[in-house]
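Colleague:
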Amino acid sequence: MSDETIISEELQSLLNVPFGPEVYDIEKGMVKKFAEAIDDPNARWQSETPPTFPAALVPTELIHRLFNAKSPLKRLLNGSSELEYLKPIKVGDVISVTGILTRLRQVAGAEGPTLFMFTEMTYTNQRGELVVKGKNTYVKY
Amino acid sequence: MTVYYEDIEVGSEIPALVKYPTTMRLVKYAGASGDYYQIHYDKDIAMANGLPGVIVHGWLTLSFLGQMVTDWMGEKGTLEKLNGSYRGMNLVHEEIFCYGKVTKKYAENNKNCARVEIWAENPKGEKTVTGTAVVTLPAREQVN
Numbered sequence: 029m030s031d032e033t034i035i036s037e038e039l040q041s042l043l044n045v046p047f048g049p050e051v052y053d054i055e056k057g058m059v060k061k062f063a064e065a066i067d068d069p070n071a072r073w074q075s076e077t078p079p080t081f082p083a084a085l086v087p088t089e090l091i092h093r094l095f096n097a098k099s100p101l102k103r104l105l106n107g108s109s110e111l112e113y114l115k116p117i118k119v120g121d122v123i124s125v126t127g128i129l130t131r132l133r134q135v136a137g138a139e140g141p142t143l144f145m146f147t148e149m150t151y152t153n154q155r156g157e158l159v160v161k162g163k164n165t166y167v168k169y
Numbered sequence: 082m083t084v085y086y087e088d089i090e091v092g093s094e095i096p097a098l099v100k101y102p103t104t105m106r107l108v109k110y111a112g113a114s115g116d117y118y119q120i121h122y123d124k125d126i127a128m129a130n131g132l133p134g135v136i137v138h139g140w141l142t143l144s145f146l147g148q149m150v151t152d153w154m155g156e157k158g159t160l161e162k163l164n165g166s167y168r169g170m171n172l173v174h175e176e177i178f179c180y181g182k183v184t185k186k187y188a189e190n191n192k193n194c195a196r197v198e199i200w201a202e203n204p205k206g207e208k209t210v211t212g213t214a215v216v217t218l219p220a221r222e223q224v225n
C-alpha cells in the first residue's frame, strides 16, 4: 500500500469549478421511457418525473472530465446519491443542470488507495426556479 | 389509497417491494439514463473489473426504493428527499428486496413530515443500499 497521492493536478484543477448549465427538454417520451426502464407503473409519472429521474439529466462535461482524468485507479463505482426535491420536474419543463466537484478524498482501502469524488448538482427550470438539488459520490479504486 | 399523517407510527414498516432485474432491465435503464458503463451489461468487462458478474446500477436499486416509498405515500403525499449509499452489490438475475420503516414524525414549515429509513437487500440478506426518504403527508383534519 502506498501513501502516494492519487489526486492528480488535473483532478485538483476541477475542484469548485461549475460545469454547465446543460439544458434538457423534458419530453413526454423520455419520461415514459425512464419510468418503464425503472419498472415503475405509477400513473403519476405520466406528467411528473419519477424520483430518480435527475439521474438522466447528466452534467456530462463534469462527468467526462472526472471519469477521463488520468489516474492509476481504473475501477469506478457509484458511492452514494442524494436528492432534495423543491418542486416537481414535469413534462414540458426545460431543465438546466449545473455540476461541480466539491471535494476529493483519498483513503487507504483493503485493495490499495481509494478515491472519493464528491459532486453536487443543481437543477433549475425554465422559470429560473431551483427544482432539485443533488449530490453524488463516485468511488475510484 | 391515501396515507394520513395521523395514521403512521414511528417504528412501523411500509409495504416491501421485491424486484428481479434482468439484463434487459439493466440495458433499458442504461438507455433511459445514459449510464452506459459496461459493468452493468457486459459480463466480461464486469469480471475484468473484479466483479462477480454484471451488477445492477445503484441508481436503479435506488429507483426501486423510490417506487416503494411513492407507492406507499400515495398521490397526496410528496417526496421531499431521497438518498442512498451503495454499500454492496446486487447482481443481475437476483431478487432485490426493498424495505422501509418510519423512523420519525415531525412538523416543519407547516408540513407534516415523516422520515423513512429505506434499504435494499440481496438474496443473502446483505444490505446493498441504505438510505432515507422524507415525505410530507396530508393530515385528516385538513381534508374536506
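If you read the sequences in order, they're chains R and V. For the first sequence, my numbering begins at 29 and goes up steadily by one. For the second sequence, my numbering begins at 82 and goes up steadily by one. Even glycine gets a Cβ: it sits at the ideal position worked out from N, Cα and C.
Please tell me whether SER166/V has its Cβ less than 8 angstroms away from any Cβ of chain R.
Modeller: Answer yes: the Cβ-Cβ gap between SER166/V and chain R drops below 8 angstroms somewhere.
Colleague: Of all the residues that make up the region 65-87 of chain R, which are near chain V by a beta-carbon distance shorter than 7 angstroms?
Modeller: Cβ contacts with chain V come from ALA65, ILE66, ASP67, ASP68, ASN70, ARG72, PRO78, PRO79, THR80, ALA83, ALA84, VAL86.
Colleague: Using the DSSP secondary-structure output, state which residues sit across from ALA195/V in a beta bridge.
Modeller: In the DSSP output, where bridge partners are listed per residue, ALA195/V has LYS186/V, VAL216/V.
Colleague: Considering only residues of the same chain and omitting the five flanking positions on each side of SER109/R, which have a CB-CB separation below 6 angstroms?
Modeller: Within the same chain, SER109/R has close Cβ partners ASN164.
Colleague: Under 8 angstroms between beta-carbons, which chain V residues line up against ARG103/R? List them in chain order, please.
Modeller: Those are ASN130, GLY131, listed as they occur along chain V.
Colleague: Can you tell me which of ASN106/R, LEU39/R, GLN74/R puts its alpha carbon nearest to the alpha carbon of GLY120/R?
Modeller: The shortest C-alpha separation from GLY120/R is found at GLN74/R.
Colleague: Check LEU104/R in the structure and name its three-state DSSP category.
Modeller: It is a strand residue.
Colleague: Examine chain R for any beta-carbon lying closer than 8 angstroms to the beta-carbon of TYR110/V, and answer yes or no.
Modeller: It does: the Cβ of TYR110/V has a partner Cβ on chain R nearer than 8 angstroms.
Colleague: Does the Cβ of VAL135/R have 16 or more other Cβ atoms within 10 Å, making it buried, or fewer, making it exposed?
Modeller: Per the 10 Å Cβ criterion, exposed.
Colleague: Distance, Cα to Cα, ARG133/R vs LEU90/R?
Modeller: The straight-line gap from Cα to Cα measures roughly 17 angstroms.
Colleague: Please name the residue, chosen from PRO141/R, GLU148/R, LYS168/R, LYS115/R, that lies closest to GLN154/R on a Cα-to-Cα basis.
Modeller: For GLN154/R, the nearest C-alpha among the options comes from LYS115/R.
Colleague: Taking a contact to mean a Cβ-Cβ separation below 8 angstroms, would you say GLU148/R touches GLY162/R in this structure?
Modeller: Going by C-beta atoms, GLU148/R is nearer than 8 angstroms to GLY162/R.
Colleague: Can you tell me whether ASP116/V is buried or exposed? The criterion is at least 16 other CB atoms within 10 Å of its CB, across all chains shown.
Modeller: Result: buried.
Colleague: Buried or exposed: where does ALA129/V fall if 16 or more other Cβ atoms within 10 Å of its Cβ makes it buried?
Modeller: Exposed: under 16 other Cβ atoms inside 10 Å.
Colleague: Return the first residue and the last residue of the alpha helix (DSSP H) that ALA65/R is part of.
Modeller: Its alpha helix (DSSP H) spans residues 56-65.
Colleague: For ASN106/R, which residues in chain V fall below 8 angstroms Cβ to Cβ?
Modeller: Result: HIS138, GLY139, TRP140, TYR167.
Colleague: Leaving aside the five residues before and after ILE126/V along the sequence, list all residues of the same chain whose C-beta is less than 7 angstroms from its C-beta, in chain order.
Modeller: Counting only Cβ-Cβ distances below 7 angstroms, and skipping sequence neighbours, we find GLN119, ILE120.
Colleague: On a CA-only basis, which of GLU198/V, VAL215/V, LYS124/V is nearest VAL137/V? Give me that one, please.
Modeller: Out of GLU198/V, VAL215/V, LYS124/V, LYS124/V has the C-alpha closest to the C-alpha of VAL137/V.
Colleague: Would you say ASP152/V reaches chain R, if we count a Cβ-Cβ gap shorter than 8 angstroms as a contact?
Modeller: Closer than 8 angstroms: yes.
Colleague: Short of 8 angstroms in beta carbon distance, which residues of its chain neighbour ALA97/V, apart from the five on each side in sequence? Order them along the chain.
Modeller: So the qualifying residues of the chain are MET149, PHE178, CYS179, TYR180, GLY181.
Colleague: For SER41/R, count neighbouring C-beta atoms within 10 Å of its own C-beta (all shown protein chains included) and say buried if the count is 16 or more, exposed if not.
Modeller: Looking at its Cβ environment, which holds fewer than 16 other Cβ atoms inside 10 Å, SER41/R is exposed.
Colleague: What are the residues of the region 46-63 of chain R that lie near chain V, defined by any Cβ-Cβ distance shorter than 7 angstroms?
Modeller: Against chain V - using a Cβ distance shorter than 7 angstroms - the residues of the region 46-63 of chain R are LYS61, PHE62.
Colleague: How big is the Cα-Cα spacing for TRP226/V and LYS162/V?
Modeller: No statement about residue 226/V is possible, as the shown extent of chain V runs from 82 to 225 and does not include it.
Colleague: Tell whether a beta-carbon distance below 8 angstroms holds between THR211/V and GLY147/V.
Modeller: Not a contact, by the Cβ cut-off of 8 angstroms.
Colleague: Report buried or exposed for MET29/R, applying the criterion of at least 16 other Cβ atoms within 10 angstroms of its Cβ.
Modeller: Since pLDDT at MET29/R reaches only 45, below the 50 mark, its modelled position is unreliable, and no value is offered.
Colleague: Quick check on the burial criterion: 16 or more other C-beta atoms within 10 angstroms. Buried or exposed for GLY158/V?
Modeller: Burial call: buried.
Colleague: List the residues that DSSP assigns as beta-bridge partners of SER109/R.
Modeller: Note: SER109/R sits in a beta bridge opposite ASN164/R, GLY165/V.
Colleague: Under a CB-based cut-off of 8 angstroms, is VAL113/V close to chain R?
Modeller: Reading off the sequence shown, one finds Ala at residue 113/V, where the question assumed Val. Taking Cβ atoms only, chain R reaches closer than 8 angstroms to ALA113/V, which makes this a yes.
Colleague: Quick test of your reading: THR142/R and VAL167/R, contact by CB under 8 angstroms. State the CB separation rounded to the nearest angstrom.
Modeller: Going by Cβ atoms, the distance from THR142/R to VAL167/R rounds to 6 angstroms, so yes, they are a contact pair.
Colleague: Just how far apart, CA to CA, sit PRO102/V and PRO69/R?
Modeller: The straight-line gap from Cα to Cα measures roughly 15 angstroms.
Colleague: State yes or no: is the C-beta of ARG168/V nearer than 7 angstroms to some heavy atom of the ligand SAM?
Modeller: Summarising the ligand content, the structure contains no ligands, and the ligand SAM is consequently not present.
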